[in-house]
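**Student:**
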Amino acid sequence: MERPIGKKKAKTLMQIAAKEQVWKEEVASAHGQIASESKRLNDIFNNDSQSLKAIAQNSTTTSQLAIMNTHLKGLDDEQNEYFKLKRAAILKSLREEARSSSN
């Protein structure tokens, strides 16, 4: 036959249970903070990614404008052909982009 738990033993078990509960709550709180920080960092990375895409797009547009605005007078035949081919590629790309955005 087992003896009933004494007051000291019961008190010790209650303290251990309370410590375990506090520990579990601290771990849960830490997980919540980690998730919150992770979401914040993902938002920052997403914004940075969008900014980099915009910068790259602006750079592409600037180089395309430079090609389209280049005067062909005074250029040799190879340079002239290069700019004509680049212009044709730019126009083709713009037409495809316009078609895909209208659909």
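Residue numbers (UniProt numbering): 1 to 103.
For glycine and all other residues, C-beta sits at the position ideal for the given N, C-alpha and C.
Owing to the predicted nature of the structure, the values given are computational and were not obtained by experimental measurement.
#1: So for Lys73, helix, strand or coil by DSSP?
#2: Check whether the Cβ atoms of Phe83 and Thr62 lie closer than 7 Å to each other.
#3: Let me know the alpha helix (DSSP H) ranges lying completely inside the UniProt domain "No apical meristem-associated C-terminal" (2-90), each 4 residues or longer, listed in chain order.
**Tutor:** So, from the data block:
#1: Against the sequence shown, residue 73 aligns to sequence position 73. In this structure, Lys73 counts as coil in the three-state DSSP scheme.
#2: Here residue 83 refers to the residue found at position 83 when the sequence shown is read from its first residue. Here residue 62 refers to the residue found at position 62 when the sequence shown is read from its first residue. It is not a contact, given that the beta carbons lie outside the stated cut-off.
#3: The UniProt domain "No apical meristem-associated C-terminal" (2-90) contains these whole alpha helix (DSSP H) runs: 7-68.
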